[in-house]
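Undergrad:
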Amino acid sequence: MSKIHVTTTVNGDEVEYLCDPRETLLDCLRDRVGMMGVKEGCGTGDCGACSVTVDGRLVCSCLMLGAEAEGKEIGTIEGMADGDQLHPLQQKFIEHAALQCGICTPGILVAAEALLKKNPDPTETELRYWLAGNLCRCTGYDKIIRAVMDAAADMREAS
Amino acid sequence: MASFANSKDSAKLGGCPDHGDLMNYHTPTSFSDASAIASATSGVTRFLAGGTDVLVQLRSDLVTPDDLIDIKHIEGVKDITQRADGGWDLGVAVAGAEMTEHAALIADWPGLVEGMDLIGSTQVQGRATLVGNLCNGSPAADSVPGMVAAGCTVTVTGPDGSRKVAVEDIPAGPGRTTLQKGELISKVHIPARGENGGDAYLRFIPRTEMDIAVVGCAVNLRIEGDIITEARVVMGAVAPTVVLVNDAATAIIGSTLDETALDALAQAATAACNPIDDKRGTIEFRKDVAGVLAKRAAKIAYGRAKGEAQ
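Each protein sequence line maps, in turn, to chains A and B.
According to our numbering, the residues represented by the first sequence are -10 to 148, in order.
According to our numbering, the residues represented by the second sequence are -5 to 304, in order.
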């Protein structure tokens, strides 16, 4: 089987991998690059667990081929904390207990960070619509929403 | 992190299931090359722009292309350009999110952009495209009624060169288009908005968002004073393809969108429906809702034509 050679950037680091043309970016990130924080939920773009950013744009990595990542800048949950220093969103998720099993959490954090970069002061309605593509089957969504709103407020004060 | 995954051993560990069939991945740099690749192959071909339908079909084994042609390496496919006549040309890989961030495009064609914006989640909006929505061939495609109402055309590039085709002439039925082997859409053309025009798209879904339209309706009209002088009314999800309802347009042209005109509009919209009966909506329900949505969309479009903020 002929493999495609891909050079891309993941969380600021240059990465190369060989992939099958049918292989999704999700599978490449997990199995070839070792980014196990990118989760597979539905695999059909409904649940958002595999959310990553590609050139700053929030996408489902299950709906993109690994081969399409050539020359792109990929952002995953692994790039969110600064060493041991958690990102404010991560810290607030712990404080608000905004997770149970944790499978949806990396995707929700990546999605929430993408929103706050675009709009540092979202309304709760804007936030709920933005995160509508991230499904959580454990907590319900209120704690997640409260954690993001709280983090956004702290980040606005800090900036 | 250096290239720790770049070895043949680690490549063998990949998670892609091997169905024993190959798929060729092409990245042409021109539409004529893309057309030539599609013309030359004897197997199943798919063009890849946003991929939000193609990858789902790939995963579910509904469609396993022999040749997948990624058209995003072609110059201009991500461009939104205003023409000298005031109209817009959209590249075929422009994503929904790029349209909803384009204030001037929204100011001209709010209804068309609304239709696109209703498709899927934030993540899907980051990739999904107008042309993908059109060529996927779903009768319920949310962006298509708005495009038809606006009078959009597309450039179709094929083995014999390029031609312009009205958007309503592309769908042939559920999952089918009129495009021939080797043909693909290479540009979307939106007419100039012009003075005193307005458009709107509404759909009915059982949930608040992220669902497939049970009925959709787009209205585009122009007024002189209070009188409607031009109109296009388009229904989605009520027939095998999107339907341009000339009787519905006739019902409101020449009127001030008074109650009589609105009732005639609703009747014409209902009469144009040839819907399926399924768990998401009965025939009777879809027909009734078609009339209701046509009235509401017309009122919004009329308000916009008058310059009222909506």
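Virtual Cβ for every residue (Gly too), placed ideally from N, Cα, C.
Everything numeric in this text was worked out from a predicted model, so none of it was measured.
1) Leaving out five residues on either side along the sequence, give the residues of the same chain with a beta carbon under 7 Å from the beta carbon of S24 (chain B).
2) Just the Cα atoms here: how many angstroms apart are S40 (chain A) and R280 (chain B)?
3) Could you confirm whether any beta carbon from chain B is found closer than 8 Å to the beta carbon of V137 (chain A)?
4) Three or more beta-carbon pairs under 8 Å between the segment 109 to 126 of chain A and the segment 21 to 36 of chain A, yes or no?
5) Please report the residue range of the beta strand (DSSP E) in which R117 (chain A) lies.
6) Could you tell me the alpha carbon to alpha carbon distance between K72 (chain B) and D252 (chain B), rounded to whole angstroms?
7) With a 10 Å radius around its C-beta and 16 neighbouring C-beta atoms as the bar for buried, classify H20 (chain B) as buried or exposed.
8) Measuring straight from C-alpha to C-alpha, what distance separates A103 (chain A) and T42 (chain A)?
9) Can you name, in chain order, every residue of its own chain whose Cβ lies under 8 Å from the Cβ of K81 (chain A), other than the five neighbours on each side?
10) Give a yes or no on whether 8 Å exceeds the smallest Cβ distance from R145 (chain A) to chain B.
11) Between A:G72, A:Q89, A:E67, which has its C-alpha nearest K132 (chain A)'s C-alpha?
12) Check whether chain B comes within 8 Å of I(-7) (chain A), counting only Cβ atoms and requiring the distance to be less than that.
13) Against L112 (chain B), what residues of chain A qualify as contacts under a CB-to-CB distance less than 8 Å, listed in chain order?
14) T46 (chain B) CB to nearest chain A CB: under 8 Å?
15) On the criterion of 16 or more Cβ atoms from any shown chain inside 10 Å, does Q117 (chain B) qualify as buried, or is it exposed?
16) For M53 (chain A), go through chain B and note every residue whose CB falls closer than 8 Å to its CB, in chain order.
17) Whole-angstrom Cβ separation of R201 (chain B) and V209 (chain B), contact assumed at under 8 Å?
18) Would you call the CB atoms of A100 (chain A) and L78 (chain A) closer than 8 Å?
19) Please classify H(-6) (chain A) as buried or exposed, where buried requires at least 16 neighbouring CB atoms within 10 angstroms.
20) Along chain A, which residues have their Cβ under 9 Å away from the Cβ of A91 (chain B)?
21) Hey, quick one: how far does the beta strand (DSSP E) through R226 (chain B) stretch, first residue to last?
22) Among B:I65, B:I294, B:L52, which residue has its Cα nearest to the Cα of L256 (chain B)?
23) To the nearest angstrom, report how far apart G105 (chain B) and A212 (chain B) are at their CA atoms.
24) Exposed or buried, what is V182 (chain B) when buried is set at 16 or more other beta-carbons lying within 10 Å of its beta-carbon?
25) For the candidate residues B:A299, B:T235, B:I247, whose alpha-carbon lies nearest to that of R187 (chain B)?
26) Buried or exposed, going by whether 16 or more other CB atoms sit within 10 Å of the CB of Y296 (chain B)?
27) Between S29 (chain B) and the rest of its own chain, which residues show a CB-CB distance below 8 Å, the 5 nearest in sequence each way excluded?
28) Considering only their Cβ atoms, is the gap separating A266 (chain B) from A207 (chain B) smaller than 8 Å?
29) Quick test of your reading: L62 (chain B) and N18 (chain B), contact by CB under 8 Å. State the CB separation rounded to the nearest angstrom.
30) Would A260 (chain B) and K289 (chain B) be called neighbours here (beta carbons separated by less than 8 Å)?
31) Nearest to A69 (chain A) by alpha carbon, out of A:S148, A:N0, A:P109, A:C31?
32) So, does the CB of T33 (chain A) fall closer than 8 Å to a CB anywhere in chain B?
33) For P109 (chain A), which of helix, strand or coil comes out of DSSP?
34) Quick check on A56 (chain A) - is its C-beta less than 8 Å from some C-beta in chain B?
35) On the criterion of 16 or more Cβ atoms from any shown chain inside 10 Å, does M25 (chain A) qualify as buried, or is it exposed?
36) S150 (chain A) by DSSP, collapsed to three states: which one?
TA: Quick answer:
1) Against the second sequence, residue 24 (chain B) aligns to sequence position 30. By the criterion of a C-beta distance shorter than 7 Å, S24 (chain B) is surrounded in its chain by I68, once the five residues flanking it on both sides are discounted.
2) Position 51 of the first sequence, counted from the first residue, corresponds to residue 40 (chain A). Position 286 of the second sequence, counted from the first residue, corresponds to residue 280 (chain B). Near 35 Å, if we compare the C-alpha coordinates of R280 (chain B) and S40 (chain A).
3) Indexing the first sequence from 1 puts residue 137 (chain A) at position 148. Contact with chain B is absent for V137 (chain A), since none of that chain's Cβ atoms lies less than 8 Å from the residue's Cβ.
4) Yes, they touch.
5) The count along the first sequence starts at 1 and reaches residue 117 (chain A) at position 128. Where R117 (chain A) is concerned, there is no enclosing beta strand (DSSP E), although the alpha helix (DSSP H) it sits in stretches over 113 to 119.
6) Within the second sequence, numbered from 1, the residue matching residue 72 (chain B) stands at position 78. Within the second sequence, numbered from 1, the residue matching residue 252 (chain B) stands at position 258. Taking the straight line from one Cα to the other gives about 42 Å.
7) As a first step, residue 20 (chain B) must be located in the second sequence, where it is residue number 26. Buried: at least 16 other Cβ atoms inside 10 Å.
8) Taking the first sequence and counting its residues from 1, the one referred to as residue 103 (chain A) is at position 114. Taking the first sequence and counting its residues from 1, the one referred to as residue 42 (chain A) is at position 53. Linking A103 (chain A) to T42 (chain A) through their CA atoms gives a straight-line distance of about 8 Å.
9) Locating residue 81 (chain A) in the first sequence gives position 92, where the first residue counts as 1. Cβ neighbours of K81 (chain A) beyond the five flanking positions: A87, A136, V137, D139, A140, D143.
10) Against the first sequence, residue 145 (chain A) aligns to sequence position 156. For R145 (chain A), the closest Cβ of chain B is not nearer than 8 Å.
11) Residue mapping note: residue 132 (chain A) aligns to position 143 of the first sequence, counting from 1. From the listed residues A:G72, A:Q89, A:E67, the smallest Cα separation to K132 (chain A) is found for A:Q89.
12) In the first sequence, the residue the question calls residue -7 (chain A) occupies position 4. At least one chain B Cβ lies under 8 Å of I(-7) (chain A).
13) Residue numbering aside, residue 112 (chain B) sits at position 118 when the second sequence is read from its first letter. From the beta-carbon of L112 (chain B), no residue of chain A is found nearer than 8 Å; the closest lies around 12 Å away.
14) Position 52 of the second sequence holds residue 46 (chain B). Taking 8 Å as the CB threshold, T46 (chain B) lines the interface with chain A.
15) Working through the second sequence from its first residue, we reach residue 117 (chain B) at position 123. Q117 (chain B) is buried by the Cβ-count criterion.
16) As a working note, residue 53 (chain A) is residue 64 in the first sequence. Residues of chain B passing the Cβ test: G45, L49, R121.
17) Taking the first residue of the second sequence as 1, we reach residue 201 (chain B) at position 207. Taking the first residue of the second sequence as 1, we reach residue 209 (chain B) at position 215. That pair is no contact at about 14 Å.
18) As a first step, residue 100 (chain A) is located in the first sequence; it is residue number 111 there, counting from the start. As a first step, residue 78 (chain A) is located in the first sequence; it is residue number 89 there, counting from the start. It is not a contact, given that the beta carbons lie outside the stated cut-off.
19) What you label residue -6 (chain A) is simply residue 5 of the first sequence in a count that begins at 1. Answer is exposed; the Cβ neighbour count stays below 16.
20) On the second sequence, residue 91 (chain B) is found 97 positions in, with the first residue counted as 1. For A91 (chain B), the chain A residues whose Cβ falls inside 9 Å of its Cβ are R46, L47, in order along the chain.
21) Here residue 226 (chain B) corresponds to residue number 232 of the second sequence, with the count starting at 1. Per DSSP, the continuous beta strand (DSSP E) segment holding R226 (chain B) begins and ends at 221 to 230.
22) Residue numbering aside, residue 256 (chain B) sits at position 262 when the second sequence is read from its first letter. Cα-wise, what sits closest to L256 (chain B) is B:I294.
23) In the second sequence, the residue the question calls residue 105 (chain B) occupies position 111. In the second sequence, the residue the question calls residue 212 (chain B) occupies position 218. Taking the straight line joining both Cα atoms gives about 7 Å.
24) Here residue 182 (chain B) is taken as the residue at index 188 of the second sequence, counted from 1. Looking at its Cβ environment, which holds 16 or more other Cβ atoms inside 10 Å, V182 (chain B) is buried.
25) Residue numbering aside, residue 187 (chain B) sits at position 193 when the second sequence is read from its first letter. The residue with the shortest Cα to Cα distance from R187 (chain B) is B:A299.
26) Numbered from its first residue, the second sequence carries residue 296 (chain B) at position 302. Classification for Y296 (chain B): buried.
27) Here the question's residue 29 (chain B) lines up with position 35 in the second sequence. Cβ neighbours of S29 (chain B) beyond the five flanking positions: T151, G152, P153, G176, E177, L178.
28) In the second sequence, the residue the question calls residue 207 (chain B) occupies position 213. In the second sequence, the residue the question calls residue 266 (chain B) occupies position 272. With respect to the 8 Å criterion, A207 (chain B) and A266 (chain B) are not classified as neighbours on the basis of their beta carbons.
29) As a position in the second sequence, residue 62 (chain B) is number 68, starting the count at 1. As a position in the second sequence, residue 18 (chain B) is number 24, starting the count at 1. That belief holds up - the Cβ atoms of L62 (chain B) and N18 (chain B) are roughly 7 Å apart, short of 8 Å.
30) Stepping through the second sequence from its first residue, residue 260 (chain B) is reached at position 266. Stepping through the second sequence from its first residue, residue 289 (chain B) is reached at position 295. A contact, by the Cβ cut-off of 8 Å.
31) By one-based count along the first sequence, residue 69 (chain A) stands at place 80. Here residue 69 (chain A) turns out to be Met, not Ala, going by the sequence shown. When each option's Cα is compared against that of M69 (chain A), the closest is A:N0.
32) Taking the first residue of the first sequence as position 1, residue 33 (chain A) is located at position 44. So, interface residue.
33) Numbered from its first residue, the first sequence carries residue 109 (chain A) at position 120. Reduced to three states, the DSSP call for P109 (chain A) is coil.
34) Here residue 56 (chain A) refers to the residue found at position 67 when the first sequence is read from its first residue. Judged by the 8 Å Cβ criterion, A56 (chain A) is in contact with chain B.
35) Stepping through the first sequence from its first residue, residue 25 (chain A) is reached at position 36. So M25 (chain A) ends up on the exposed side.
36) Not covered by the structure: residue 150 (chain A). The range shown for chain A is -10 to 148.
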